[in-house]
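K.L.:
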Amino acid sequence: MTTSSLATIRPRERDSLLQSLRAGVVPRLGQQHVQVGRANEVQALLSDISRINDGGSGSRFIIGDYGSGKTFFLHVVRSIALQQKLVTIHADLSPDRRLHATGGQARSLYAELMRNMSTRAKPDGGAMSSVVERFVTQALTESRTSGEAVEDIIRRNLNELSELTGGYDFAEVITKYWQGHDSGNEQLKSDAVRWLRGEFTTRTDARIALGVRTIVDDANFYDQLKLLARFVRLAGFGGILICLDEMVNLYKLANSQARNSNYEQILRILNDSTQGSASGLGFIFGGTPDFLLDPRRGLYSYAALQSRLEENSYAVDGLVDYSGPVLRLASLTPEDFYVLLTKLRHVQAAGDESAYLISDEGIAEYMNHCAERIGDAYFRTPRNTIKGFLDLLAVLEQNPEQRWQDLLSGVTLERESNPDLAPLELPDHGGESAARNVAVPPATGSAGVQTQIPNPPNDAGDDDLSVFKL
Ligand SMILES: Nc1ncnc2c1ncn2[C@@H]1O[C@H](COP(=O)(O)OP(=O)(O)O)[C@@H](O)[C@H]1O
Ligand SMILES: [Mg+2]
356 MTTSSLATIR PRERDSLLQS LRAGVVPRLG QQHVQVGRAN EVQALLSDIS RINDGGSGSR
416 FIIGDYGSGK TFFLHVVRSI ALQQKLVTIH ADLSPDRRLH ATGGQARSLY AELMRNMSTR
476 AKPDGGAMSS VVERFVTQAL TESRTSGEAV EDIIRRNLNE LSELTGGYDF AEVITKYWQG
536 HDSGNEQLKS DAVRWLRGEF TTRTDARIAL GVRTIVDDAN FYDQLKLLAR FVRLAGFGGI
596 LICLDEMVNL YKLANSQARN SNYEQILRIL NDSTQGSASG LGFIFGGTPD FLLDPRRGLY
656 SYAALQSRLE ENSYAVDGLV DYSGPVLRLA SLTPEDFYVL LTKLRHVQAA GDESAYLISD
716 EGIAEYMNHC AERIGDAYFR TPRNTIKGFL DLLAVLEQNP EQRWQDLLSG VTLERESNPD
776 LAPLELPDHG GESAARNVAV PPATGSAGVQ TQIPNPPNDA GDDDLSVFKL
């Protein structure tokens, strides 16, 4: 199998891929080197991305079981979006980060999204200043040819924002950034960026620093994202793709009113994107089947969402429909997993086939070993089996006298436990769900522990979209 044998792998990409996967974390960059399957799903998202680039919008729900590859898929789509000149922002939902809240949790989600703002040139986040800078630079260039004052150009360009809620203050803050730029006032520039990133916590501070009366808070969370989408288009990008993972955290909210307010926010987003009233704005949500389908706590518990998200009733018996808002991710197959291991071998060898540490036969043996130890889980929830394989390769690399045949039986594997199955706090329907949780497997060793590995700085611009296998 030589699926990925043509791909060249840069040393830094190799190291960060291996480091992430060995730590059980989905890689942020370079996923194309290990990606398998999902051709139709990627195709569907490519068309969303081009619609967003054309000033349109779109929302997708990526639904799959624990370990089926949702997070991986979101990162793949995010990488493609960056290549296609979108700005991306991403965050995991958590009890402290929600789409709707009254205690600061929506602002906190917003701030997390802003920290992760990325562009092709800054794929690791922290791109807000460079986006604003780019907007200002364009106005400067225009001013040089037309002779018009920069501030006038900026105000005119931002004029279209004033029709949107919060647009006036948004434009005011960008103008302040320009004034800081013009007068060498770094403090003013950084205050403007801090405001845009949702980092002001009181109106008083914002008024003193920037002369505006509002701040980004829970109540204007979504309006602010719409403004941002327009703004990045004015700065020369195609739009914004917003990736929200771990949506199951909304399903876990014990308070039904809090849950419903969040679902109402999702409905607003979905309506805006189908009616085309959000420009250059796309959402992808990653969540488990429970989050979508559960009639008491899932999106289906909210009637208006259920009717919009219900699957195409003709898409049964092997027929598929990739045009609806819900994309179901099937588990990877053993064939996919085999290809995945060949790709890992290739990455580990930095793209040099003569440096492969294990034969095709060895890969097949490794799969057998996994199947004996943990059954189907080895390809269905492959985080630990990927890690185990890379650990094996690492030992082979550092101990050239060792043969894989001798090491294989010593590879220990643990079945993954799904952290979402931990008991919920259930004032509403305690009995029923408590019963469902009886079958929870005990938490095992390292499974489920997420270590965030900082990404190495990335040299921009030379990532090649053509290496994405479609
Ligand atoms: N299409 C894919 N190609 C290659 N590896 C994948 C793919 N999908 C998932 N993986 C790997 O499988 C593991 C589990 O995927 P993950 O995205 O964390 O699942 P989920 O978010 O659904 O729980 C990760 O190690 C990830 O790198
Ligand atoms: Mg995940």
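In the numbering used here, the protein residues as written are 356 to 825. Glycine residues also receive a C-beta, built at the ideal position from the N, C-alpha and C atoms.
If you compare alpha carbons, which of S412, R549 and Y655 is closest to F646?
P.N.:
The candidate whose alpha carbon is nearest that of F646 is Y655.
K.L.:
Determine the contact status of E554 and A466, defining contact as a CB-CB distance below 8 angstroms.
P.N.:
Yes.
K.L.:
According to DSSP, is I595 helix, strand or coil?
P.N.:
Three-state DSSP puts I595 in a strand.
K.L.:
G679 by DSSP, collapsed to three states: which one?
P.N.:
DSSP places G679 in coil when its eight states are reduced to three.
K.L.:
What residue does the beta strand (DSSP E) around A564 start on, and which one ends it?
P.N.:
First-last for A564: R558 to L565, but that is the alpha helix (DSSP H), not the beta strand (DSSP E).
K.L.:
Can you tell me which of the three DSSP states S912 falls into?
P.N.:
Because the chain in this structure spans residues 356 to 825, residue 912 falls outside the shown range and cannot be described.
K.L.:
Beta-carbon separation of I418 and L622 under 8 angstroms?
P.N.:
Against a cut-off of 8 angstroms, the Cβ pair of L622 and I418 comes out as no contact.
K.L.:
Please give the ranges of any beta strand (DSSP E) in the stretch 369–422, keeping only runs that are unbroken, at least 3 residues long and fully inside the region.
P.N.:
If we require 3 residues or more, the beta strand (DSSP E) runs fully inside the stretch 369–422 come out as 412–418.
K.L.:
Looking at ligand 4, does it come within less than 7 angstroms of T736, judged from the CB to the closest heavy atom?
P.N.:
As far as ligands go, the structure on display features ligand 1 and ligand 2 and does not contain ligand 4.
K.L.:
Find the nearest neighbour of L384 within the set D676, N408, F427 and G422, judged by alpha-carbon distance.
P.N.:
It is F427 whose Cα lies nearest to the Cα of L384.
K.L.:
If I follow the unbroken alpha helix (DSSP H) through L636, where does it start and stop?
P.N.:
Counting along the chain, L636 falls outside any alpha helix (DSSP H), though it belongs to the beta strand (DSSP E) covering L636 to G642.
K.L.:
Nearest CA to the CA of L583: which residue from I444, L695, R558 and N604?
P.N.:
Residue I444 is the option with its Cα nearest to L583.
K.L.:
Taking Cβ to Cβ, would you say I595 is nearer than 8 angstroms to L441?
P.N.:
Cβ atoms of I595 and L441: closer than 8 angstroms.
K.L.:
By the 10 Å Cβ neighbour count, where 16 or more other Cβ atoms means buried, how is N610 classified, buried or exposed?
P.N.:
Flag for N610 reads exposed.
K.L.:
Could you round the C-beta distance between L437 and T474 to whole angstroms and report it? I think they count as a contact, below 8 angstroms.
P.N.:
That belief holds up - the Cβ atoms of L437 and T474 are roughly 7 angstroms apart, short of 8 angstroms.
K.L.:
Counting Cβ pairs closer than 8 angstroms, one from the stretch 508–521 and one from the stretch 538–552, do we hit at least three?
P.N.:
As far as the Cβ criterion goes, the stretch 508–521 does not touch the stretch 538–552, which means the pair count is below three.
K.L.:
Can you tell me the Cα-Cα spacing of I364 and H388, whole angstroms?
P.N.:
Their Cα atoms are separated by approximately 8 angstroms.
K.L.:
Tell me whether T520, by its Cβ, gets closer than 7 angstroms to a heavy atom of ligand 2.
P.N.:
T520: no, Cβ never under 7 angstroms from ligand 2.
K.L.:
Does the Cβ of F744 lie closer than 7 angstroms to at least one heavy atom of ligand 1?
P.N.:
No; taking the cut-off as 7 angstroms, the Cβ of F744 has no heavy atom of ligand 1 nearer than that.
K.L.:
With a Cβ-Cβ cutoff of 8 angstroms, do L712 and E752 count as a contact?
P.N.:
In this structure, E752 lies closer than 8 angstroms to L712 by Cβ.
K.L.:
Going straight from the alpha carbon of L763 to that of L695, what length do you get?
P.N.:
If you take the alpha carbons of L763 and L695, they lie about 18 angstroms apart.
K.L.:
Throw me the rounded Cβ distance for the E771 and G422 pair, which I believe falls under 8 angstroms.
P.N.:
Right, their Cβ atoms sit about 6 angstroms apart.
K.L.:
With DSSP run on the structure shown, which of helix, strand or coil describes V822?
P.N.:
Confidence at V822 is low in this model, with a pLDDT of 34, below 50, so its placement is unreliable and the value that follows should be read with caution. Three-state DSSP puts V822 in a helix.
K.L.:
Could you check the C-alpha separation between G593 and P382 for me, to the nearest Å?
P.N.:
In a straight line, the C-alpha of G593 is about 25 angstroms away from that of P382.
K.L.:
Taking the straight line between their C-alpha atoms, what separation do you get for E506 and T556?
P.N.:
The alpha-carbon atoms of E506 and T556 are separated by roughly 28 angstroms.
K.L.:
Should G413 and S628 be called a contact, given that it needs their Cβ atoms to be closer than 8 angstroms?
P.N.:
Cβ distance < 8 angstroms, so G413 and S628 count as in contact.
K.L.:
What residue range is occupied by the uninterrupted alpha helix (DSSP H) comprising D537?
P.N.:
Per DSSP, D537 belongs to the alpha helix (DSSP H) from G522 to S538.
K.L.:
Three Cβ pairs or more, each shorter than 8 angstroms: is that satisfied between the stretch 563–581 and the stretch 457–466?
P.N.:
Segments in contact, yes.
K.L.:
Is K425 near ligand 2, in the sense that its beta carbon is under 7 angstroms from a heavy atom of that ligand?
P.N.:
Because some heavy atom of ligand 2 lies under 7 angstroms away, the Cβ of K425 counts as near it: yes.
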